[in-house]
Each structure stands twice: as C-alpha cells, then as structure tokens.
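S.K.:
2 protein chains.
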Amino acid sequence: MTSATLQIVEVGPRDGFQSIDDVIPTESKIALIDGLYASGVRRMEATAFVSTRAVPQLADASDVLAHANDLPGLDCQVLVPSVRQAERALDAGTRHIAFVLSVSEKHNLGNVKRTPEQSVADYAAICDILPAGTKMRLNLATAFDCPYDGSMPAESTLCLLDALVPIFPSAEICLCDTTGRVTPDRVAGLFQMAADRFPGSENWAFHGHDTFGLGVANAVAAWNAGISVLDSSFAGLGGCPFAPGATGNVATEDLVWTFEAMGVGTSIDLTALLSVADQGTRLPGAQFGGRVRDAVRARACIGN
Amino acid sequence: MTSATLQIVEVGPRDGFQSIDDVIPTESKIALIDGLYASGVRRMEATAFVSTRAVPQLADASDVLAHANDLPGLDCQVLVPSVRQAERALDAGTRHIAFVLSVSEKHNLGNVKRTPEQSVADYAAICDILPAGTKMRLNLATAFDCPYDGSMPAESTLCLLDALVPIFPSAEICLCDTTGRVTPDRVAGLFQMAADRFPGSENWAFHGHDTFGLGVANAVAAWNAGISVLDSSFAGLGGCPFAPGATGNVATEDLVWTFEAMGVGTSIDLTALLSVADQGTRLPGAQFGGRVRDAVRARACIGN
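So the protein lines, in turn, are chains A and B.
Numbering follows full-length UniProt numbering, in which position 233 of the first sequence is assigned residue number 233; successive positions increment by one, without gaps.
Numbering follows full-length UniProt numbering, in which position 94 of the second sequence is assigned residue number 94; successive positions increment by one, without gaps.
1) Report yes or no: is there a C-beta of chain A within less than 8 angstroms of the C-beta of Ala243(B)?
2) So the candidates are Ala221(B), Gln279(B), Val182(B) and Thr183(B); which of them puts its Cα closest to the Cα of Ala188(A)?
3) Have a look at Ser201(A) and Glu105(A) and give me their C-alpha separation to the nearest angstrom.
4) Residue 305(A) lies in the beta strand (DSSP E); which residues open and close that run?
5) Taking just the CA atoms, how far does Arg43(B) sit from Gly73(B)?
6) Excluding the 5 residues flanking Met136(A) on each side, which residues of the same chain have their C-beta closer than 6 angstroms to its C-beta?
7) Compute the distance between the beta-carbons of Ile268(B) and Val256(B), then report whether it is under 8 angstroms.
8) Could you work out which residues of chain B lie near Val220(A), taking near to mean beta carbons separated by less than 9 angstroms?
9) Let me check one thing: in DSSP terms, what residues is Ser151(A) bridge-paired to?
10) Do Ile20(B) and Ala272(B) count as a contact pair if the criterion is CB distance below 8 angstroms?
11) Name the chain E residues that come within less than 9 angstroms of Gly16(A), Cβ to Cβ?
12) Using 8 angstroms as the limit for Cβ to Cβ distance, is Gly290(A) near chain B?
13) Quick check: the Cα distance between Phe242(B) and Asp75(B), rounded to an integer number of angstroms?
14) Using the Cα positions of Pro116(A) and Asn203(A), report the straight-line distance between them to the nearest angstrom.
15) Does Val50(B) come out as helix, strand or coil in the three-state DSSP assignment?
16) Starting from Lys113(B), follow its DSSP beta bridges and name the residues at the other end.
17) Using a Cβ cut-off of 8 angstroms (strictly closer), state whether Asp254(B) contacts chain A.
18) Starting from the Cα of Arg197(A), find the closest Cα among Leu164(A), Arg291(A), Gly290(A) and Asn224(A) and give me that residue.
19) According to DSSP, Asp269(A) sits in a beta bridge with which residue or residues?
20) To the nearest angstrom, how far is it from the Cα of Thr179(A) to the Cα of Cys176(B)?
21) Could you tell me which whole alpha helix (DSSP H) segments of length 4 or greater appear in the stretch 189 to 225 of chain B?
22) Identify the continuous beta strand (DSSP E) that holds Leu79(A) and give its terminal residues.
23) Once DSSP output is grouped into helix, strand and coil, what is the label at Phe288(B)?
24) Using only the alpha-carbon positions, how far apart do Ser51(A) and Leu90(A) sit?
25) With a CB to CB cut of under 7 angstroms and the five nearest residues on each side skipped, what residues in its chain are close to Leu283(B)?
26) Residues of chain A with a CB under 8 angstroms from the CB of Thr258(B): which are they?
27) Which chain B residues are close to Met262(A), counting only those with a beta carbon under 7 angstroms from its beta carbon?
28) Does Thr142(A) pass the burial test, meaning 16 or more other C-beta atoms within 10 Å, or should it be called exposed?
29) Which whole-angstrom value describes the C-beta separation of Gly93(A) and Asn69(A), a residue pair presumed to lie in contact below a C-beta threshold of 8 angstroms?
30) Taking all protein chains shown into account, decide if Ile129(A) is buried (16 or more other Cβ within 10 angstroms of its Cβ) or exposed.
31) Could you check how far apart the C-beta atoms of Asn139(B) and Val100(B) are, in whole angstroms? I think they sit under 8 angstroms.
32) Along the chain, where does the alpha helix (DSSP H) containing Ala98(A) start, and where does it finish?
33) Tell me, to the nearest whole angstrom, how far the beta carbon of Thr157(B) is from that of Arg291(A); I am working on the premise that it is less than 8 angstroms.
34) Using only alpha-carbon positions, find the residue among Asp254(B), Gly236(B) and Val296(B) that is nearest to Gln18(B).
35) Which residues bound the alpha helix (DSSP H) around Gln7(A)?
36) For chain B, find out if any of its Cβ atoms is closer than 8 angstroms to the Cβ of Ala205(A); answer yes or no.
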C-alpha cells in the first residue's frame, strides 16, 4: 500500500465552505476552485448535494459542479448523503460520488437522519444506479471517534465495513476522524486492521482534522500505514459550527509542506497554494487554521 | 529505549520567557512556575544563566532558581552557554546544568559567540568543575536544521556527538529541532542513527518546535523511536523573535493531551495545566501557540 506520491483530496470547497454561514457567491467559489486547480490540485470535493434548506451555502452545487467538471484532469467528487441527492448529483453530471455515512448511530441520525443500516441500504441503492465509469468513494464518518459517544471501538467500524465493502468492491473507502481526537497510534492501527480484514480492498483514504493539533501527525501516521490518499482543506477551512476557535480540517498547505519536505510528491505548488489559502482566510465568517502560512512567510528562527 | 511514561521537560520559563521582550516581574514568573508544578510538572528548565545585557528577561535567574530548586521533587535544570555562566549557575545552587551548543557553526557563532569546537572545549571544562551529583544535559541546537544553512546532514550532528559523548557519558543529550522544519521521518532516523553509533548512551531527549505544525507529529515520531524525554512549553510560549506569528515550542498541553490519549502517562493534570497556560497567554508581549487550549473548551464537533 505504499506510494512515492501523495494524492491530496482538496475538500475545502465542500467541507470548508459548508461550515461558513455567510453564503459565498458562486463566482467567488469558482475563482477559488480555479486557484486551487492552478496550484496543482488534481482531486477535489467540489461541493455537496444536500438539503438546500439545511445547508444554503451549497445550494449552488450544480453550477459549481458544472464548472469544476470542465477543468481538464481534475478528478471532481461531490458529497451525497442519500439516494435522492445522488440522483440530483448524477443528473447534474457528476462522475465521482462521495457517499457519507457514520459508524456512530447517533451521529448518522444527526447528520443524515438515518440509522447506519438505512445508510448502508442507500449506499447499495446508489451503487445500483451508478452509470458505468462513475467512481465511488465512501466517507466513513466517526470511524474513530464520535462527538456524542466518544471513542468508537475498531470492531464497530470494521463490522460496518463488512456490510459495505462487498457492495461495491472498487469503491475508495475514506476513514474519517470527525472530531480530530484520534491519535496516530489508532490511525495506523485501524488501517492495519482494515487491510488485514479486507485484503482485496486497496483503495483506502484518510480524512483528518487538526482540532487538537494532530492533523499532520495523523496524516503522517496514515501515510506510514500505507495510505496515499489524504483529505485536507486549503487554509484549514472547515471550522466546527459548535466549536469556536477549534478549526477543522488539516490544512492542505501543511500537508504539502510536510510531505514535500519528506520527499513525497504532491503535484501542488506551495507558493501558488498559499496565495489561494490567503484568499480563503478572507472569506467573511471563515474559520481557518494551519501553521505553514505564517511560518513560511516569517524569517528564519533563531533559538534552540 | 521504550517507556510507558513520558517525561516532559517544561521549558516555558526559559525558552518561552526568553522570547518575550517585556520583562516579566520575578514574582509573576514564580507564580507561573508554582502553577506548573502544581499541575504535576516535575521537570523544568526554569531559567538560564546568560548575558543579562543580551537577555534582560533572564537577569533574575538566581532568584528564580532559588525558588524552583526548593519545590520538592522538581528536577530543575538551567541553561548555560559558557564556562563563566556555568560557574554563575553553580554558585547559585543549580543541581542540573543544561549546556547548549549548535551543530551549525553559523548558528553557534550567532547564539553563543563561539565555534562548535570552542563550545566542545567549554563543555569539557564545565564537566570538569561539576560538583558530585550535579546532572548534565546537553542541548544540541540545529541538530536537524539551521536557520542559516538549512538542513543539517546527519553526519555533522553525529560527528559532533563523537566529540561530545565521551566527555560525560552519563549526560542526557537533547537533539533540538531549532527551526521546526524537521519532519517525523528525519526525527526517527537521526535518533536511530545515534542509538546505533552510541550504544552505551541511552539518555536521549527531543526538543521540538511547532512553527510548521509538526510539533506533535515530531514528538510522536521521537516517542516511537524510543525517546521518552520531550521538551515543551506551556501555551506554546517561545515565539521566534524574527518570525511574527510563527510560534515556537510545541505546547505542553498538546503533548499531555496527545500522550494521555495514547495511554502514556505524563504525571501532569491537563485541566490544571490549561489554567496556567491561559495565564501564559496573557503575559504582555507573549507569542503563544498550541491547539488543545481552544479545542478542549469547545463543544463537540459535528461533521465528517
């Protein structure tokens, strides 16, 4: 499961924007997406098809998708939580669905108004209607930890995977640290257990948050465990609506800086990315994070 | 070199305070040291004996040391850069010297006005005058990376250790990531090389910065490489004087949170520590960092 190249999935336009209350004009979103693409981003969760009443920020999903889908060489995925939203996404021309469900029943009920079992059935129904060539990713939220129930036993996640993996064996499965509370030992441990349990599935990904400062540590742990697809958000956009000051997704620029320093290619130009990240921090209502933006601009540091 | 308990060396009262221009009243320093001690800190770099002209903040070293030395069970070390300052520290009653020199000649010249070779001679001279029972730590700055010269070859660090290790074999040797630019793979790699080269030396420690967001990642990498003594600073105090916004030392509370979550004991009570860290952030002129302060106060986070 090792690779000399890291594939970064830029989730800012979905996970980041979604957490911003002030609705961002569609043209601004498109300009940021273009900037990310110009910096070298070649995979992106560009938007989500969700209830526009619950998430008015993403009501322009079709327009955003239409633009992002046209960027040459960009693998553009969109999040969906249900069959109905998957149908909307497919009608809008998506070529890559990211279905989300949670291991934690409480979290799944809160997030998508379904039990995990109902979501498994939805997932199967979506896989049934996928046009040939459409890619599928499965975002498994609370795979390690739940905001309501705390630490999730690995067996809970693996049991849910028992039901999910056979439905669409070529799907990429992303284990998500929803709360940012997982530690590197558990990230590595769960991916190892998953690899052992599903030896035919090699399409794993990791989605981490930096809430407790573990964003890079967990990304490196996932990489060392053989995971070469990592989600991140430019400027660390993606604050938690219920966690003031506790910014969300690990910052794309932090991953690019770290992995390039480790000799791992990312295809992304850091300088160009930092310029887009700066624009991201200026979005009204944005919560942002990450450390590299400030650090690379600062002069060399003297001390011990 | 493994251990089920992490020994945290709280360096805020030295490395943190030193970087603050506004002179902190001695009684405020003592109150913070007492707070750290009350939270469970049992090892601390409490001050430094350095040029009071160059670092007026630490002109009260003798008074601070006199207080910290009296706290029962506290292993209190003080930084010195020269024989003369070591003599001052010993006269003031220190029982634990931390001598600092840099692998990088440019950095050592800038930091302590000596070539590394001159500092090696100073180290030998200090070891010669150490009263029986006095402990010695060696802080090897720029062991991985230099603000002037960039990445330091591992061989440079190991060659300097060739000269240093035999002088005082029981010394604890702390490899310092001065710039915060080292990555976890290189942290683990250098400690492994050092263990292979000096099989009789088991007293290794790591001092890391969070400037590029790698503070926790590198601490975990050191731990996984068998290092059970880690430096950190409450509230992440220790901004770089030449790096606005680029905070310095990894935050003690981030390490306590992470390692306790990994089942590794630290002896430190997080809640009590957070209260002291809050006080640290309110010091006039302080640059602070870390993520856990905000995160533990925020409500649970919902998302994926």
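Glycine included, C-beta positions come from ideal geometry on N, C-alpha and C.
M.R.: Looking at the atomic coordinates:
1) For Ala243(B), the predicted model reports a pLDDT of 48, less than 50, meaning its position is unreliable and no value from the coordinates is stated.
2) Ala221(B)
3) 25 angstroms
4) No answer is possible for residue 305(A): the residues shown for chain A start at 1 and end at 304.
5) 9 angstroms
6) Ile97, Phe168 and Ala171
7) yes
8) Thr183, Pro184, Asp185, Leu214, Ala217, Val220 and Ala221
9) Asp145(A)
10) no
11) No chain E is part of this structure, whose protein chains are labelled A and B.
12) yes
13) With a pLDDT of 46 at Phe242(B), under the threshold of 50, the modelled position of that residue is not reliable, and the figure given next carries that caveat. Approximately 31 angstroms, taken between the alpha carbons.
14) 21 angstroms
15) coil
16) None, per the DSSP bridge assignment.
17) yes
18) Leu164(A)
19) According to DSSP, Asp269(A) bridges with nothing at all.
20) 31 angstroms
21) 215 to 224
22) Asp75 to Val80
23) coil
24) 16 angstroms
25) Ile20 and Ile24
26) Thr183, Phe212, Gly213, Leu214 and Ala217
27) Thr183 and Asp185
28) buried
29) 6 angstroms
30) exposed
31) 4 angstroms
32) That residue, Ala98(A), is in no alpha helix (DSSP H); its beta strand (DSSP E) goes His96 to Ser102.
33) At roughly 25 angstroms, the Cβ-Cβ gap does not stay under 8 angstroms, so Thr157(B) and Arg291(A) are not in contact.
34) Gly236(B)
35) Segment Gln7 to Glu10 is the beta strand (DSSP E) holding Gln7(A); no alpha helix (DSSP H) there.
36) no
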